[in-house]
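Below is the structure:
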């Protein structure tokens, strides 16, 4: 048998079903690869013993089922973003303030994954409270992108906030990983690492047990190596949860069945506002390439306008910090996590939160507190909520005439660690193409479509109307096939260089 | 009646507005499935949602919604079929999420009105500004450790209705009458048990003073007052304090104060010294709360008869005086008891028995009507025995005491103790003859025109029969026998 | 809108994050930069636009009034940073509060 870390979920599923491999072997290969990947700093917690037990239990279930029905992810080893609460296992959200926190509960999504037979390899590193676009804000230190510029041993960022999840999949030590996307935190790291990352429609996946960043924007989704793997994994994650008041009761379709490879007659919108001043030519070229592939496949390309696009980022940087400032108030040193004593209650709060939150989280909590405070609410928060409606309306208008929208996933390839960390706004601009879908609640997926001239992966994004992930996946599958993206990072971290 | 207060610089008027926090009667909390019962072991009625654990989310309890609508209807208020839950952000030890889920700009219930009844028999309408749903906080316990405050989250997340009055009250008496009336209405509706000792009802009291006709003065807010008596004391203290300050040329600070029941005074609340900035915004974990007019009408159809309607009926249909009606309907339990007694009987007689001997016995035993050892039906049974002549009214009083002690029916006691009135003419005549034979002088007096002596004879017979003789019959027989 | 040191100190206190005196000035300029960038929203005419708090267009669902949670005191206090020290094991604790 070839290296078991080189196969994808769909292929592993078939080999497991035929009995050609066991979950124990598959899992052992990935646990070993995970351990070997420590130079990437992609994992906060590795759980090889648990993985072994879960894999053995999966193999036992499969043998009992005797060819009958097993879970959709039976025996598949996955990595879990450390934003998902996992029962009895350290959950940090990438923050010092959750020091030692072991939840007595399991998030709905991970619970569904285990029920579908999946195996947990460990918890992945992330930007602190998912606030970041480079995975540099983690208390556990930055994650290194498995990809490097050829002949250059500088470490690059994997994107963020789901940088650890993206790196684990790109580095071939997890077959798939859970992630979350509040403004692009699945799609941008997927683009930076040559993986497939999908943010489903808001409400598709339960938020129960996922540490909240910005409740009206947060949405969980999978990062995988292929579009098919992605559809399989989302199918196991999605579904109505009565414990989440914003969870949708929409039926969950068979996403994998949507991968027909046929986009003939589909109308694909290309928004003129996504052409940015100063955008690298190779991004523009890749986009044109994607348009060409879809045209060749029989889709119809339609020029569209999403006139309020440029206001999405500033609106997002009001709404997300406002919600975050409130969501993060519970980290106060009283019931869990870090506590730094003080002479009285107020000082204990201030000491705990000063020590517990990193610079980016502090920045956003302060911005969020400011825009909600007396005298500023209307000018900032309410204004942003109104602009949010206009942005959503732009999409709704567009979807009157097109079935989906094609854009680049990010305005650049992965950049070097430290390159943008001094300038918050230039960091925020990384999410310029991804944020609008969060504001509208619509699904989007990033598919690896080519390499930059430096040899780094670049992604294309497909956006679709709410609850039409099927069309999104169908188009993503066609792009993937056309791009034939097979490049992999060199496993430099194994040689210790 | 004037409520104006004479000061050195002229007359003063006190202006009072109340925020009554009433715990919704429900099994589970507003946004979680943990229990609401009073007095459980610390942190034993806490879900991970109530403890503000990471990633926990609220899901609203349908009964809390129904109870809020029901209460709104009982307060003659506008029901808003679209309302919004907001987060009220502030840090406090017993507020685990760092915010309280409440309703700010768009509450579930809008303006209403409560008619309060004052001691002089007059009544006044007090405006209700709004009623909204919100979460209760946990409990801070300060006296169990020298340097630490303990936190119990059992109350955290319990559904409260905050009922905000307009600044319509002008005296402590009116404020007391308002709270009593609101409590009575909620109890009639079954939406809050109104138990102030257990904290299921408490009030924030806003007090300001002004010269009549002036604009509203700066107010002080006295937090968390948990009895009507304390509230009234606090208002008196606060009124005097504010007038003194103003007459000395000072100004009133807008501040939050605490009432100290030991001293009967108020003082600024340390933990609320700084300015508030609650940064309200719509809770993104919840969607707007919407329901149909049919939902509201279905609840309206199940409303019980409320105090104001009852009063009309007691006076118009049952012929009770306003005073009697007011006493009997002030508490739902009393009204229900009275109605059980009065059903099929003379309402005035029933009212007299309830307010007279029955209340006296309750008072002596320090019991509420709800804990009465006898039911309204049982008291009614006693009255029936008087009406049909089985016992006298006087014996009935003794029977009631025995009923109260044993919980037995009147008929059983009368039977067992042999208390039936003697209405047997033969037996009574024998007793009367004996008394007449032994008291020739009194007979002569009667026959000489001193009719009053008749009463003396009746008394003697009653005494001789230990009260069991039927007094009407004795009266008639003595009169016949004394005829010359 | 640019914010000054006093404003930073005020909002940091509202957010209960201790910020050193020496950090106020750099934070003020950083936050001012972000707020200035955000204010490009003022270019958008939103007079007739209602605010949008949620993208969700389904009705809020209600739970039945049933007790199906709680009774997990140990889980609730399991992560308390000031656990089991003289606090009867059942309470959270904070520095003494004077109301």
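Protein chains in written order, with the working numbering: chain A, 53 to 549; chain B, 5 to 488; chain C, 21 to 119. Heads up, the beta-carbon is just placed ideally off N, CA and C, and yes, glycines get one too.
Between residue 328 of chain B and residue 355 of chain B, the beta carbon gap of about 5 Å places them in contact (Cβ cut-off 8 Å).
Taking the C-beta atoms as reference points, residue 390 of chain B is found nearer than 7 Å to residue 397 of chain B.
Neighbours of residue 402 of chain A in chain C, taken as residues whose beta carbon is under 7 Å from its own, are 36, 37 and 38 in chain order.
Using a Cβ-Cβ distance cut-off of 8 Å, the segment 271-287 of chain A and the segment 229-241 of chain A are in contact, since at least three pairs of beta carbons, one from each stretch, lie closer than that value.
With a threshold of 7 Å between beta carbons, residue 102 of chain B makes contact with chain A. Taking a C-beta cut-off of 7 Å against chain A, the contacting residues of the segment 87-121 of chain B are 91, 93, 95, 97, 100, 101, 102 and 103, listed in chain order. For residue 36 of chain B, at least one C-beta of chain C is nearer than 7 Å to its own C-beta.
Residue burial is scored here from C-beta neighbours: residue 148 of chain A has at least 16 other C-beta atoms within 10 angstroms and is therefore classed as buried. Here residue 272 of chain B is exposed, its C-beta having fewer than 16 other C-beta atoms within 10 Å. Under the three-state reduction of DSSP output, residue 37 of chain C falls in the coil class, being neither helix nor strand.
Boundaries of the alpha helix (DSSP H) around residue 347 of chain A: 333-348.
For chain C, the residues of the segment 123-156 of chain B that bring a beta carbon within less than 9 Å of one of its beta carbons are 142, 144, 145, 146, 148, 149, 150, 151, 152, 153, 154, 155 and 156, in chain order. With contacts defined as CB atoms closer than 7 Å, residue 421 of chain A and residue 377 of chain A qualify as a contacting pair. Taking C-alpha positions only, residue 252 of chain B is separated from residue 26 of chain B by approximately 38 Å. Any Cβ of chain C closer than 7 Å to the Cβ of residue 388 of chain A would place that residue at the interface, and such an atom is present. Looking only at B:249, B:405, B:475 and B:177, the smallest Cα-Cα distance to residue 369 of chain B is reached by B:405. Cβ proximity to chain C below 8 Å picks out 294, 297, 298, 300 and 301 from the segment 291-325 of chain A. Listed along chain C are 101 and 102, each with a C-beta nearer than 7 Å to that of residue 391 of chain A. Interface flag for residue 159 of chain B against chain C is unset, since no Cβ pair is found closer than 7 Å.
Under the 7 Å criterion on CB atoms, residue 396 of chain A is classed as interfacial with respect to chain C. Between residue 132 of chain B and residue 110 of chain B a beta carbon distance of about 16 Å is seen, past the 8 Å cut, so the two are scored as non-contacting. Between residue 407 of chain B and residue 417 of chain B, the beta carbon gap of about 6 Å places them in contact (Cβ cut-off 8 Å). Nearest CB-CB separation between residue 63 of chain B and chain A: below the 7 Å threshold.
Fully enclosed alpha helix (DSSP H) runs of no fewer than 4 residues occupy 100-117 of the segment 78-163 of chain A, in order along the chain. Not flagged as an interface residue toward chain C: residue 271 of chain A, since no C-beta distance is shorter than 7 Å.
Check the Cα spacing between residue 259 of chain A and each of A:324, A:412, A:357 and A:136: the tightest is with A:136. For the options A:384, A:90 and A:103, the alpha carbon positioned closest to that of residue 172 of chain A is the one of A:103. With contacts defined by Cβ atoms closer than 7 Å, residue 512 of chain A and residue 491 of chain A do not form a contacting pair. By the rule that beta-carbons nearer than 7 Å mark a contact, residue 301 of chain B does not touch chain C. With a cut-off of 8 Å on Cβ pairs, the segment 51-71 of chain B is in contact with the segment 30-38 of chain B, counting three or more such pairs. Taking C-beta atoms as the reference points, residue 245 of chain A and residue 226 of chain A fail to come closer than 7 Å. At least 7 Å separates the CB of residue 216 of chain B from every CB of chain A. Per the DSSP secondary-structure output, residue 172 of chain A pairs in a beta bridge with A:130.
By alpha-carbon distance to residue 380 of chain A, the top candidate from A:339, A:399 and A:264 is A:264.
Residue environment: residue 248 of chain B is assigned as exposed (fewer than 16 neighbouring CB atoms within 10 Å of its CB, all protein chains considered).
About 6 Å separates the beta carbon of residue 285 of chain B from that of residue 90 of chain B, a gap short enough to meet the 8 Å contact definition.
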